[in-house]
Every structure is written in C-alpha cells, then in structure tokens.
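*Asks:*
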Amino acid sequence: MTLVRWMRAVAVLTLSLTASLVALSTSARAAEEKVYKFSPVNQFGIELTASYWNPIIQYISSKSGVKLSLKIGRTSADTTSFVLAKEVEFAFTNHLFNENRRQMGWKLLVRRDYPAVYGQILTAADSPITDLAQLANKEVVFPGNEAFIAYKVTYAHLLEQKIPVKVVFGGNHDGAFAQLFSGKAQAVGVNSQLVDGYARREKKSFRTLWTSGPFNDLALMASPSVPAADVKAVTDAFLGMANDPAGAAIIKRVSETVKLEPFRTFIPALEEDYASYMEFHRTSPDFLK
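Take the numbering used here: the final residue in the sequence shown is number 297, and no numbers are missing along the way.
1. Of the residues Arg119, Ala93, Pro123 and Thr216, which one's Cα is nearest the Cα of Met112?
2. By DSSP, does Ile65 sit in helix, in strand, or in coil?
3. Excluding the five sequence neighbours on either side, which residues of its own chain have a C-beta within less than 7 Å of the C-beta of Val266, listed in chain order?
4. CB-CB under 7 Å to Arg290, same chain, minus the five flanking residues each way: which ones, in chain order?
5. Any heavy atom of the ligand SAM within a distance shorter than 7 Å of the CB on Glu168?
6. In three-state terms, what does DSSP make of Asn251?
7. What residue range does the beta strand (DSSP E) around Met286 cover?
8. Do the region 243–260 and the region 116–130 touch if we need at least three Cβ pairs shorter than 8 Å?
9. So which of Glu147, Gly178 and Lys174 has the shortest CA-CA distance to Ala155?
10. Out of Phe150, Phe223 and Phe214, which one is the CA nearest neighbour of Gln187?
11. Secondary structure at Thr273, three-state DSSP: helix, strand or coil?
12. Mind the definition here: the region 192–206 touches the region 131–149 only if three or more C-beta pairs lie below 8 Å; say whether that holds.
13. According to DSSP, is Ala99 helix, strand or coil?
14. Using only CA atoms, which one of His165, Ile157, Ile171 and Leu167 lies nearest to Asn180?
15. To the nearest angstrom, how far is it from the Cα of Ser213 to the Cα of Lys42?
16. Is the beta carbon of Val176 sitting closer than 8 Å to the one on Tyr163?
17. Let me know if Ala99 comes out buried or exposed under the rule of 16 or more other beta-carbons within 10 Å of its beta-carbon.
18. Using a 10 Å radius around the Cβ and a threshold of 16 neighbouring Cβ atoms, would you call Asp294 buried or exposed?
19. With a CB to CB cut of under 6 Å and the five nearest residues on each side skipped, what residues in its chain are close to Val30?
20. For the 8 Å Cβ check, are there 3 or more pairs between the region 61–73 and the region 267–276?
21. What three-state label does DSSP hand Leu179 in the structure shown?
22. Identify whether Glu280 lies in helix, strand or coil by the three-state DSSP scheme.
23. By DSSP, does Lys297 sit in helix, in strand, or in coil?
24. So, does the region 64–73 touch the region 232–247, judging by three or more C-beta pairs under 8 Å?
25. Does the Cβ of Thr22 have 16 or more other Cβ atoms within 10 Å, making it buried, or fewer, making it exposed?
26. Just how far apart, CA to CA, sit Ser77 and Gln169?
27. May I ask you to report which of helix, strand or coil DSSP gives Ile259?
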C-alpha cells in the first residue's frame with residue numbers, strides 16, 4: 009500500500025469512528041433527556057389538577073431519576089383521549105378497566121390508600137327534590153362521559169331504575185358542581201371522594217339521593233412502552249414518598265390545596281383491587297363500557 013492510500017484509509021477510518029461516537033453520544037443524550045408524559049384524569053379544574061399533581065411528579069422525577077411531565081386536557085375525556093391515542097406513558101385513572109382497554113396492556117403500579125369511594129347522585133341541600141324519581145326528565149350533570157364512578161355508575165343506576173334524565177356534562181367535577189349550583193341542572197353524579205373538598209372550598213351543602221357500592225381509588229398505571237427499569241424506579245419512588253419527610257410534606261400540602269383529607273401513603277395497586285370495576289363493565293350497557 010502506498011503512503012497516500014494508507015493515509016486515505018486512516019482518514020476514512022477516523023471519520024467513521026468519529027461518526028459512530030457522535031451517534032452514540034447523541035443516542036445517550038436522547039436517553040438521558042427522555043421525558044415521559046403523565047396524565048391524571050381531571051377530577052378538578054385544570055389549575056387545581058395541575059397544582060395537585062405537579063409537586064408530586066416533580067418529587068417523583070427527582071427521586072426516581074425518571075423525568076415526568078404533566079399533560080392534561082381541557083376535560084377528563086380529553087385527558088383520557090391522550091391515553092387511548094398512546095400520547096402519554098403514565099396515567100392516574102380508572103378509565104382502563106373495560107375488556108377492550110385492558111388489552112392495551114397498561115400496568116397497575118400504585119394507588120393512594122384512601123378508603124373506598126362511591127358513586128353518588130346529589131342535589132343542593134335546599135333543593136325541592138328529595139327522591140330520585142323526581143329527577144325524571146330533568147337535567148342531571150356529570151363530569152364527563154369517561155368519568156367511571158361519577159357518570160357510568162350513577163347513570164347506569166338511573167337507567168336501571170327507569171328514570172329518564174337529560175344528561176349534561178360539566179367537563180370535570182368542579183364544572184359539574186358549578187352547573188348544579190347555578191341552576192342549570194337539578195342533580196349531579198359524583199365520585200364521593202370529591203364532594204367534601206368542593207363543599208369546603210366553595211362553602212356549599214348537598215343532599216344525597218343515592219349511593220352506590222364501593223370502588224377503590226384511581227390507580228397510577230404505566231404504558232407497556234415504558235422500560236421495566238423506569239417503571240420500577242417510578243413505582244419505588246411513589247411507594248417511598250410518605251416515608252420521606254419532604255415527600256410527606258408534599259402529600260399534605262397538595263391535599264390541603266384541594267381541601268381533601270391527606271392520604272397516608274401510596275400502596276401497590278393490585279388486579280383484585282379493581283374487580284368491582286371489571287364486574288361493572290361485564291354487566292353494564294355497551295355504551296357505558
């Protein structure tokens with residue numbers, strides 16, 4: 009090989025190695041900078057939902073080394089649409105337990121250790137309506153058509169009782185409550201967990217017309233697209249949050265923000281915890297699945 013050919017070969021090899029190193033470096037940076045989208049269903053208005061979840065996911069990101077970023081829609085149905093369109097990797101939801109959505113492969117991680125929640129149909133405390141039957145042909149507002157406990161469970165009961173109502177959607181619980189107290193609806197379907205918080209924030213009182221059987225709180229879930237190591241890191245950070253004084257302080261602070269009693273800790277979410285959801289979907293009308 010002549011000196012010129014040798015020098016050309018060395019130059020080509022050097023360029024090839026440089027390109028490979030640049031590609032590896034770029035790939036490593038991309039991996040380091042991966043940010044997963046986290047979508048909790050809108051149980052409150054957008055600002056309150058963000059005020060509740062942002063401090064939590066910032067803490068989890070810091071402790072786990074896995075970066076999470078909040079993504080919420082205008083309504084709870086919009087937020088769930090992100091999950092169904094595979095635009096997010098983590099969700100806090102109870103909208104994925106029907107048979108079709110279970111086949112998407114989302115994994116249960118943790119839930120708050122709150123007591124069981126209930127679907128309820130409420131009126132304002134001073135409403136002349138005192139019985140479910142009086143709601144016939146009247147407006148009843150629900151957070152949205154994806155709200156499992158507040159809409160699907162409560163509306164299924166009205167159908168079962170053959171009480172026809174005019175369905176109105178408020179976008180989230182706060183929007184639904186606002187329509188009730190503005191007089192645009194005569195009753196509201198709710199998740200019982202959120203009633204006291206709204207009553208404290210807005211100084212409102214309710215009358216309960218009906219209460220369902222118990223359901224466990226919503227679950228933090230992960231898409232099957234998330235690597236197992238990242239799922240484990242995020243899960244461990246949630247499970248350990250209440251044992252860290254800084255994490256416990258965040259739980260207390262965000263609960264006060266929405267006027268909920270603070271939960272004590274995050275606990276593992278198990279398949280059997282959501283058996284009542286699956287049973288509902290097994291027996292409910294198709295349009296409510």
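Just so you know, even glycine gets a beta-carbon here, dropped at the ideal spot from N, CA and C.
*Replies:* With the structure as the only source:
1. Within the sequence shown, numbered from 1, the residue matching residue 112 stands at position 104. The residue from Arg119, Ala93, Pro123 and Thr216 with its alpha-carbon nearest to that of Met112 is Ala93.
2. As a position in the sequence shown, residue 65 is number 57, starting the count at 1. Looking at Ile65 - three-state DSSP - the assignment turns out to be helix.
3. Looking up residue 266 in the sequence shown gives position 258. The residues are Phe52, Leu56, Tyr60 and Gly205.
4. Here residue 290 corresponds to residue number 282 of the sequence shown, with the count starting at 1. None.
5. Absence of the ligand SAM is noted for the structure shown, with no ligands found whatsoever.
6. In the sequence shown, residue 251 corresponds to position 243, counting from 1. Helix at Asn251.
7. For the purposes of this step, residue 286 is identified with residue 278 of the sequence shown, where counting begins at 1. Where Met286 is concerned, there is no enclosing beta strand (DSSP E), although the alpha helix (DSSP H) it sits in stretches over Ala283 to Thr291.
8. yes
9. For the purposes of this step, residue 155 is taken as residue 147 along the sequence shown, with counting starting at 1. With distances taken between Cα atoms, Ala155 lies closest to Gly178.
10. Within the sequence shown, numbered from 1, the residue matching residue 187 stands at position 179. Of the listed residues, the one whose Cα sits closest to Gln187 is Phe150.
11. By 1-based counting over the sequence shown, the position of residue 273 is 265. Coil at Thr273, not helix or strand.
12. Verdict: yes, contact present.
13. On the sequence shown, residue 99 is found 91 positions in, with the first residue counted as 1. Three-state result, Ala99: strand.
14. Within the sequence shown, the letter at position 172 stands for residue 180. Taking only the C-alpha atoms, the option nearest Asn180 is Ile157.
15. Your numbering for residue 213 matches position 205 in the sequence shown. Your numbering for residue 42 matches position 34 in the sequence shown. About 46 Å.
16. Position 168 of the sequence shown, counted from the first residue, corresponds to residue 176. Position 155 of the sequence shown, counted from the first residue, corresponds to residue 163. No; because the gap between Cβ atoms is not below 8 Å, this pair is not in contact.
17. Position 91 of the sequence shown, counted from the first residue, corresponds to residue 99. Flag for Ala99 reads buried.
18. Here residue 294 is taken as the residue at index 286 of the sequence shown, counted from 1. Classification of Asp294: exposed, given that the 10 Å Cβ count is below 16.
19. Here residue 30 is taken as the residue at index 22 of the sequence shown, counted from 1. The predicted position of Val30 is uncertain, since its pLDDT is 42 and thus under 50; a value taken from the coordinates is nonetheless stated next. Excluding residues within five positions, none has a Cβ falling inside 6 Å.
20. no
21. Residue 179 sits at position 171 when you count from the first residue of the sequence shown. Residue identity check: residue 179 is Gly in the sequence provided, not Leu. Here Gly179 sits in coil by DSSP.
22. For the purposes of this step, residue 280 is identified with residue 272 of the sequence shown, where counting begins at 1. DSSP, read as helix, strand or coil, puts Glu280 in helix.
23. Position 289 of the sequence shown, counted from the first residue, corresponds to residue 297. Residue state, collapsed to three classes: coil.
24. These segments touch.
25. If you number the sequence shown from 1, residue 22 lands on position 14. Because the pLDDT of Thr22 is 45, which lies under 50, any placement of that residue in the model is unreliable, and the number read from its coordinates should be weighed accordingly. Thr22 is exposed by the Cβ-count criterion.
26. Here residue 77 corresponds to residue number 69 of the sequence shown, with the count starting at 1. Here residue 169 corresponds to residue number 161 of the sequence shown, with the count starting at 1. In a straight line, the C-alpha of Ser77 is about 43 Å away from that of Gln169.
27. Within the sequence shown, numbered from 1, the residue matching residue 259 stands at position 251. It is helical.
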